[in-house]
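Positions in the sequence shown are counted from 1; adding 33 to them yields my numbering. Glycine included, every Cβ here is placed at the ideal spot set by N, Cα and C. Fair warning: this is a prediction, and the values are worked out from it, not measured in the lab. Some notes on the structure that comes next.
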Amino acid sequence: MKIELTSGDITNERVDAVVNAANSSLMGGGGVDGAIHRAAGPDLSTACRGLRELWVDGLPVGRAVATPGFEMPAQWIIHTVGPNRNAGETDPALLRSCFTESLRAAEIIGAKSIAFPALSAGVYGWDMAEVATIGLAALSSYTGPVTLARVVLFSDDALDVWKNAL
Ligand code: AR6
34 MKIELTSGDI TNERVDAVVN AANSSLMGGG GVDGAIHRAA GPDLSTACRG
84 LRELWVDGLP VGRAVATPGF EMPAQWIIHT VGPNRNAGET DPALLRSCFT
134 ESLRAAEIIG AKSIAFPALS AGVYGWDMAE VATIGLAALS SYTGPVTLAR
184 VVLFSDDALD VWKNAL
């Protein structure tokens with residue numbers, strides 16, 4: 034799988050699937066989650082409410098589920114819940130799981146290209162360099178059918194951190 038690093042707004046990405054840095058409720062929030070809900074339009078909330086009928090207690094940390102992309106350029110949105118360091122969730126395996134489970138979700142829906150944000154590096158309080166190391170380790174060890182993973186950083190500083198980690 035090819036790994037690309039870029040900066041920008043992930044909601045503009047023309048890939049098969051965009052990964053959302055969601056929370057367990059799946060009902061939206063700030064950061065990437067807010068931007069994705071705005072860009073996808075109100076049908077996304079309806080779809081997420083439907084998912085909550087399957088995940089009545091919310092989506093667990095480290096798991097991933099897909100919805101359509103609705104009004105976004107991407108065909109799919111893969112919602113994953115990163116560990117919240119501010120709530121004491123400091124296990125790197127949970128963050129790695131977000132990357133690997135998102136790739137698994139991409140396989141299930143047949144997505145060949147996927148865009149990731151810096152999961153857990155915003156509201157959830159993880160250090161950007163640590164997210165980059167964990168994320169890139171997960172992506173570079175992937176051997177399945179997804180052919181492109183693009184990490185979309187929200188600032189040039191964040192992009193530099195990921196470039197250094199790569
Ligand atoms: N495109 C790309 N990256 C972005 C964008 C964007 N449009 N917006 C923010 N970032 P965060 P988390 C960067 O907080 O830490 C929400 O309320 C941002 O600068 O979106 O996993 C959810 O509902 C940062 O580097 O995700 C959860 O409650 C990175 O994306 C919680 O926040 C991740 O920041 C999840 O927190």
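{"Item": "Helix, strand or coil at Val-89 [DSSP, three-state]", "Value": "coil"}
{"Item": "Distance cut-off 6 Å: Pro-116 Cβ against heavy atoms of the ligand AR6", "Value": "no"}
{"Item": "Three-state secondary structure assigned by DSSP to Trp-195", "Value": "helix"}
{"Item": "Beta strand (DSSP E) runs wholly inside the region 104-147, at least 3 long, in chain order", "Value": "109-114"}
{"Item": "Presumed contact (8 Å Cβ cut-off) between Arg-118 and Ser-153, rounded CB distance", "Value": "7 Å"}
{"Item": "Closer than 6 Å: Asp-42 CB and nearest the ligand AR6 heavy atom", "Value": "yes"}
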